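J.: Would you mind keeping the following structure in view while I ask a few things?
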Amino acid sequence: MSNTQPAPVASERTPLKARKVSFAWEKTPLHWVPGDPFTTHTINVLHLLLPAGERWFIHVYRQVLPYIHDEQLRQDVIGFIGQEAVHSQAHDDVLPRLKELGLDPTPYTAQVDWFFEKLLGDRTLPPGRARTWWLMERVALIAAIVVHERLREGEEVEVRDPRNRFPLAEAPAYLFVAGGIGITPILPMLRSVAASGADWRLLYGGRSRATMPFLDEIEKLGAEGGRVTVVAEDEAGHPDAAAALADTVEGTAVHCCGPEPLMDAVGAALPPGRTLHLERFTAAAAASTGSAPFEVELRRSGRTVRVPADRSVLAAVRDELPYVSYSCEQGFCGTCQQRVLEGEIDHRDELLTDSERDDSMLICVSRCRGERLVLDL
Ligand code: FES
C-alpha cells in the first residue's frame, strides 16, 4: 500500500489529546458507501469491534500509568486514553442505529465483549512477575495493533540494532571450535574469514556426521589447505581441542561455541597469547542469589529497592520498573546490562569485557560486594 500523505517531519511532535469525534448516525443510510453494501458492512464490523477494543485499550493503559516515569510519555499515554475514550463512545453510538435499521449487532458484540473482557481481561494473578507479564503482554499487543493500523510508508521509526555478544574479533589468525549446533554462530564467521582470505582453522565435533548441520558448506569452505577438521563421535570420539590449540600461532583469536565440557576444555588448554571468545547456550554456573542483602538506588527514577539474599537485582528492580529488559536471566545474553554509578559490583557473569565491568553489570546474576549500588535507571 502506498501513502499519498507527505511524510511527517522528524522533529514534528503532535501532542496526543482527546479530540471531539462524533458521527451523525441518524442521517446515515444503511448502505452509506453508495452502491457498495459489501464495503459498507465490512467497515460496519469495525464499529462493532472498536468500542469494546478501545475500552480495553483504556483499561490496560490505566494500569500502565503508575509505571511510566518519563513525563512526556506519561502525558502522551494520558492523551491516548482520552482519545480512545471519545472514539469508543462515538463508535458505540452506531449500535442502536444499526438495530433500528434491522441489523441486531448484539450477538456479535457479545462475542467481542467476551474476547476483550474475559480472554484479554485482568486475570487473578498474585502481585509480582506473573501479573506484570500479563500487563506487558497486553501492552505489546496494543502496540502491535497500533503499528499495524497506523504506520505508513515514509514514516520514521526508531529501531535498535540487534545486539551481538559474539562478534568476530580482529586477529591475524583464527581457530574456531564448534560442537554440534554450536556451529550456528560460527558459520557466518567462517564465511567472512574465508571471503577475506584470513588464516583460519575449524575444529567441528558432533555425535555423527548425519547430525552435524551445514557440513557440506563447511567442507567446501575449507576444501583448500586442510582448514576443517570434522570429528564425529561415532567414528572418532571427542574432538581434541588441546591439540588444535597447541597448533595455533600467537595472536590467534579462538572462537568457541558448543556444550559446556567442550568450552571448558578449550578454556583450560588455551595457550598464552591467544584470546578466547565463547558463546554459551546456557549460562555458566552463575548464582544470582545467595549473598547478603543490599540496597539498589535507581537514581534516575528516584527509587530505592532492597535486594534480599534470595532474589536477583533484576527481580527486585522489576518490581519497581517492570519495563527493564531481560531475556536469559542467566548472565549470558547481555540484555539486562545496566550502568552502575556507585558501589562495588560482584560480577558473576562471564560475558562482560573488563572495560564493561568497570561501570556496568548484568543485573540478572551479578550482585553487590557492599551494602549499596547505584544504577543509572
Ligand atoms: S538477562 Fe541475559 S544476561 Fe541478564
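Here the sequence shown is numbered in full-length UniProt numbering, starting from 1 and rising by one per residue. C-beta atoms are modelled at their ideal positions from N, C-alpha and C, and glycine is treated no differently. Predicted model only: the values in this text are computed from it and were never measured.
(1) Leaving aside the five residues before and after Met-263 along the sequence, list all residues of the same chain whose C-beta is less than 6 angstroms from its C-beta, in chain order.
(2) In whole angstroms, give me the CA-to-CA distance for Leu-362 and Trp-114.
(3) What residue range does the alpha helix (DSSP H) around Arg-55 cover?
(4) Are Phe-80 and Leu-119 close, meaning C-beta to C-beta below 8 angstroms?
(5) Pull up the CB-CB distance for residue 380 and Leu-175, whole angstroms please, since I reckon it's below 8 angstroms.
(6) Taking the beta strand (DSSP E) that His-255 belongs to, which residues open and close that run?
(7) Please find out if some non-hydrogen atom of the ligand FES comes closer than 7 angstroms to the beta-carbon of Phe-166.
(8) What separation, rounded to the nearest whole angstrom, lies between the Cα atoms of Gly-222 and Asp-70?
(9) Give the straight-line distance between the Cα atoms of Arg-348 and Ile-218, rounded to the nearest whole angstrom.
(10) Are the stretch 326 to 342 and the stretch 306 to 317 touching by the rule of at least three beta carbon pairs closer than 8 angstroms?
(11) So if DSSP puts Trp-134 in a beta bridge, which residue, or which two residues, is it bridged to?
(12) Quick one, which of Ala-309, Pro-308, Ser-301 has its alpha-carbon nearest Val-374's?
(13) Under a three-way DSSP split, which group does Gln-330 fall into?
(14) I'd like to confirm the pairing. Which residues does DSSP put opposite Val-374 in its beta bridges?
(15) Just to check, is the beta-carbon of Glu-117 closer than 7 angstroms to a non-hydrogen atom of the ligand FES?
(16) Using a threshold of 7 angstroms, is the CB atom of residue 391 nearer than that to any non-hydrogen atom of the ligand FES?
(17) Count the CB pairs spanning the stretch 232 to 242 and the stretch 201 to 211 that are closer than 8 angstroms, and state whether there are at least three.
(18) Given this structure, state the Cα-to-Cα distance separating Arg-88 from Glu-320, to the nearest angstrom.
(19) For the stretch 241 to 253 against the stretch 137 to 149, do three or more pairs of beta-carbon atoms, one drawn from each stretch, fall closer than 8 angstroms, so that the two count as touching?
(20) Mark Leu-190 as exposed unless 16 or more other C-beta atoms lie within 10 angstroms of its C-beta, in which case mark it buried.
T.: According to the structure data:
(1) Cys-256, Leu-278
(2) 42 angstroms
(3) 37 to 64
(4) no
(5) Given that the chain is displayed from residue 1 to residue 377, the structure contains no residue 380 and the question cannot be resolved.
(6) 253 to 257
(7) no
(8) 53 angstroms
(9) 35 angstroms
(10) yes
(11) Bridge partners of Trp-134: none, in fact.
(12) Ser-301
(13) coil
(14) Glu-297, Glu-342
(15) no
(16) For the chain, the structure presents residues 1 to 377; residue 391 sits outside this window and is missing.
(17) yes
(18) In the sequence under discussion, the amino acid at residue 88 is Ser, which differs from the Arg named in the question. The alpha-carbon atoms of Ser-88 and Glu-320 are separated by roughly 32 angstroms.
(19) no
(20) buried
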